[in-house]
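**Student:** Residue 764 is where the sequence shown ends in this note's numbering, and the numbering goes up by one at each step.
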Amino acid sequence: MTSIIIFSSNNKTKFISKIIQEKIDAELVEIKDLNKKTGFLGNIKNNYNALRSNNTDIYPESIDLTNYDLIIIGSPSTFGGISPAISTFIEKNDFENKKIIIFTTTNSRQGYEVLKNMKNKLEKKNGIILNSFIMRVYNKSEEELKLNTLKIIKELDLDLYS
Ligand SMILES: Cc1cc2nc3c(=O)[nH]c(=O)nc-3n(C[C@H](O)[C@H](O)[C@H](O)COP(=O)(O)O)c2cc1C
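As structure tokens, then:
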């Protein structure tokens, strides 16, 4: 069984994950950032946390990953880094010998840096990174995003593990 674990503030990462979930019959867990505030001041605080790569309070904080053959982790690119919610999730969970595929959604650049950071963090926890992908979402219709996601599913054989 595959588990897809994501954070998504504007639903793009979620949209892509739902397509993968349906196609390969995986479980989808959305990590919530409990400190994510809306409004002007809230945005400043969110951005500050993201810039500093600060950890945040999340829900769920941990998941028992023992019975999953594959874990797919997705995060929006956030100022060239991992979203605080996914960063916190990685720190708080056990990835020992887990097979993992990571991905990030971006508007423009910096996806590579995000994947590099995620890979480093997960390998420090003895996770095994099998593959990764970047999905550029800027100016793409849902139809285009869907087609691109279906292409990735095929290219990476994401259904191998289900
Ligand atoms: C606070 C913030 C910082 C962002 N930083 C970057 C960035 O550094 N590079 C990039 O390509 N996109 C950046 N983006 C765009 C998001 O990564 C992109 O829109 C992503 O797909 C959003 O995913 P979501 O809808 O699942 O939240 C940023 C978006 C936000 C809100």
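Ideal placement from N, C-alpha and C gives every residue a C-beta, glycine not left out.
Is the Cβ of Arg738 closer than 8 Å to any Cβ of chain C?
**Tutor:** No chain C appears in this structure, which consists of one protein chain only.
**Student:** Can Asn612 be considered in contact with ligand 1, in the sense that its beta carbon sits closer than 7 Å to one or more heavy atoms?
**Tutor:** What you label residue 612 is simply residue 10 of the sequence shown in a count that begins at 1. Yes, since a heavy atom of ligand 1 falls inside the 7 Å radius drawn around the Cβ of Asn612.
**Student:** Run through the DSSP bridge pairs and tell me what Glu632 is partnered with.
**Tutor:** Translated into the one-based positions of the sequence shown, residue 632 becomes position 30. DSSP output for Glu632 lists Ile608 as bridge partner(s).
**Student:** Return the Cβ separation of Leu643 and Ser605 in integer angstroms, given the expectation that the two are a contact with Cβ distance under 8 Å.
**Tutor:** Sequence index remark: in the sequence shown, residue 643 carries index 41 (1-based). Sequence index remark: in the sequence shown, residue 605 carries index 3 (1-based). 35 Å between Cβ atoms; not a contact.
**Student:** Which ranges would you report for the beta strand (DSSP E) in the segment 643-707 if only whole runs of at least 3 residues count?
**Tutor:** The segment 643-707 contains these whole beta strand (DSSP E) runs: 672-678.
**Student:** Considering only heavy atoms of ligand 1, does any lie closer than 7 Å to the CB of Ala616?
**Tutor:** Your numbering for residue 616 matches position 14 in the sequence shown. Looking at the sequence itself, residue 616 is Lys, so the reference to Ala does not match. At least one heavy atom of ligand 1 is nearer than 7 Å to the Cβ of Lys616, so yes.
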